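For reference, the structure discussed in these notes is given below.
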Amino acid sequence: MVRYLIRRIVLLGVTFLISSLIIFLICRLLPGDVARVLLGREAGEAALAGLRAELGLDRPLPIQYLDWLRGFFSGDWGISYSTRQPIRPLVLERLGNSLLLAGVTLTLALPLGIGLGVWAGWRAGKPDDTMISVATLAVTGLPEFVTGLLLIDIFAFRLRWLPANSSIRPDATLLDIVPQLILPAITATLVLLAYIARLTRTGVVTELGQEYVRTAMLKGLTPLSILSRHVLRNALLPTITVIAISFGWLISGLIVVENVYNYPGIGRLLTFAIDRRDLILLQAVAMVTVMIFAVANLVADLLYAFLDPRIRLGQETEY
1 MVRYLIRRIV LLGVTFLISS LIIFLICRLL PGDVARVLLG REAGEAALAG
51 LRAELGLDRP LPIQYLDWLR GFFSGDWGIS YSTRQPIRPL VLERLGNSLL
101 LAGVTLTLAL PLGIGLGVWA GWRAGKPDDT MISVATLAVT GLPEFVTGLL
151 LIDIFAFRLR WLPANSSIRP DATLLDIVPQ LILPAITATL VLLAYIARLT
201 RTGVVTELGQ EYVRTAMLKG LTPLSILSRH VLRNALLPTI TVIAISFGWL
251 ISGLIVVENV YNYPGIGRLL TFAIDRRDLI LLQAVAMVTV MIFAVANLVA
301 DLLYAFLDPR IRLGQETEY
């Protein structure tokens, strides 16, 4: 177990270094001039050159990369080009908002998706199985902005039950935040629902066809006992990986949802950084996203090993 963790941590470090280099190079290859964007088209060459020197953009790329990487891992993420504010507290604040939305979304999506998938797998081939599959695919097939606009129209404009704007004020209380989270969380839940349900259904159907299930039936175990004590433990293994990846996606990938509802998450901050050509802010947001994905996958591997006793951490199977 310890050797496995050490090996995975080393791989995480290598992943971070490679990802940081790719992120830095991609940001530098983006078209446009940061100084021109900040000062406007009418700025003279002297002013542009002075701003590039102030921002450190006139230095060699290897020096820029090493300085940025050293600062990022030491906690100094720099000053935003566009807002002129420290980047670290800004990113962490938006990350907290995204974590809150992701937590609420998974709280809704996991029990609903797993429950529907288990029922559909247990009733494979029956009308209710077909109905669940068709309904979840139909809902998930709608783009996020279409689902979001429909929910806003129904619950915000027609029924007036929930706010259409999910921007969170810094002084907002929990009672203020909860209504603003409902519509974005439902929209994100509908996106994840079919993936979780179909993976769970596939796992249940596969496990129900195994020999140990027939053996358990011959021993007189009840169907509920077989399902809860044996089938689910193995059927949920593929779902764990999807949940981990989905968590990383929820943190950074719900750009459309955050923009539809004006939700101040890290995905919307990413859009802001791209629009303003704020390279140092863009690099910080991208690195935080990579770290979340990597840590989420590590957690998924550990849970996978916990649920499947056949997996031996840190050992290779010999044939």
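Quick note on our numbering: the sequence shown kicks off at 1 and runs consecutively.
Note that the Cβ used here is the ideal one computed from N, Cα and C, for glycine as well.
Since the model is a prediction, treat every value here as computed from it, not as a measurement.
Could you compute how far the alpha carbon of residue i sits from the alpha carbon of residue j?
| i | j | result |
| --- | --- | --- |
| residue 135 | residue 54 | 56 Å |
| residue 98 | residue 267 | 8 Å |
| residue 207 | residue 272 | 46 Å |
| residue 6 | residue 43 | 52 Å |
| residue 103 | residue 123 | 30 Å |
| residue 24 | residue 254 | 23 Å |
| residue 107 | residue 38 | 42 Å |
| residue 130 | residue 117 | 11 Å |
| residue 189 | residue 51 | 45 Å |
| residue 26 | residue 19 | 10 Å |
| residue 157 | residue 148 | 13 Å |
| residue 115 | residue 197 | 8 Å |
| residue 220 | residue 209 | 17 Å |
| residue 139 | residue 78 | 42 Å |
| residue 81 | residue 63 | 19 Å |
| residue 58 | residue 35 | 11 Å |
| residue 294 | residue 14 | 11 Å |
| residue 214 | residue 224 | 14 Å |
| residue 159 | residue 83 | 38 Å |
| residue 169 | residue 31 | 34 Å |
| residue 10 | residue 250 | 26 Å |
If residue i sits next to residue j, beta carbons under 8 Å apart, how far is it from one beta carbon to the other, in whole angstroms?
| i | j | result |
| --- | --- | --- |
| residue 119 | residue 283 | Their Cβ separation, rounded to whole angstroms, is 45 Å, which puts residue 119 and residue 283 out of contact at 8 Å. |
| residue 256 | residue 144 | 4 Å |
| residue 183 | residue 162 | 6 Å |
| residue 193 | residue 269 | Not quite, the Cβ-Cβ distance comes to about 26 Å (not below 8 Å), so this is no contact. |
| residue 121 | residue 205 | 5 Å |
Going by Cα to Cα distance, which pick from the options is closest to residue i?
| i | options | result |
| --- | --- | --- |
| residue 74 | 125, 66 and 81 | 66 |
| residue 238 | 108, 297 and 182 | 297 |
| residue 236 | 276, 300 and 191 | 300 |
| residue 181 | 167, 13, 194 and 192 | 167 |
| residue 28 | 280, 290, 87 and 285 | 280 |
| residue 95 | 153, 218, 265 and 151 | 265 |
| residue 248 | 292, 49, 112 and 148 | 292 |
| residue 33 | 49, 22 and 137 | 49 |
| residue 100 | 185, 199, 216 and 141 | 185 |
Buried or exposed: which applies to residue i, given that a residue is buried once 16 or more other Cβ atoms fall within 10 Å of its Cβ?
| i | result |
| --- | --- |
| residue 246 | buried |
| residue 287 | buried |
| residue 228 | exposed |
| residue 85 | exposed |
| residue 72 | buried |
| residue 222 | exposed |
| residue 132 | buried |
| residue 154 | exposed |
| residue 128 | exposed |
| residue 231 | buried |
| residue 314 | Confidence in residue 314 is poor, its pLDDT being 47 and thus under 50, which makes the residue's placement unreliable; the coordinate value appears in the next sentence. Burial call: exposed. |
| residue 91 | buried |
| residue 240 | buried |
| residue 45 | exposed |
| residue 41 | exposed |
Cβ of residue i less than 7 Å from any chain D Cβ?
| i | result |
| --- | --- |
| residue 117 | In the structure shown, chain D cannot be found, because there is only a single protein chain. |
Residue i: beta carbon under 6 Å from a heavy atom of the ligand ADP?
| i | result |
| --- | --- |
| residue 137 | The ligand ADP is not part of the structure shown, which contains no ligands of any sort. |
Requested in this report: Just list the alpha helix (DSSP H) runs in the region 144-172, keeping only unbroken ones of 4 residues or longer that don't cross its boundaries, in chain order.
Outcome: 144-151
Requested in this report: Write down every uninterrupted run of the beta strand (DSSP E) in the region 48-123 whose length is 3 residues or greater and which is fully enclosed by it, in chain order.
Outcome: none
Query - Sequence ranges, alpha helix (DSSP H) only - wholly within the region 250-279, length at least 4 - result: 255-260 and 266-275
Requested in this report: Report the residue ranges of all alpha helix (DSSP H) runs contained in full by the region 202-256; include only those spanning at least 4 residues, in chain order.
Outcome: 211-218, 223-226, 232-235 and 237-252
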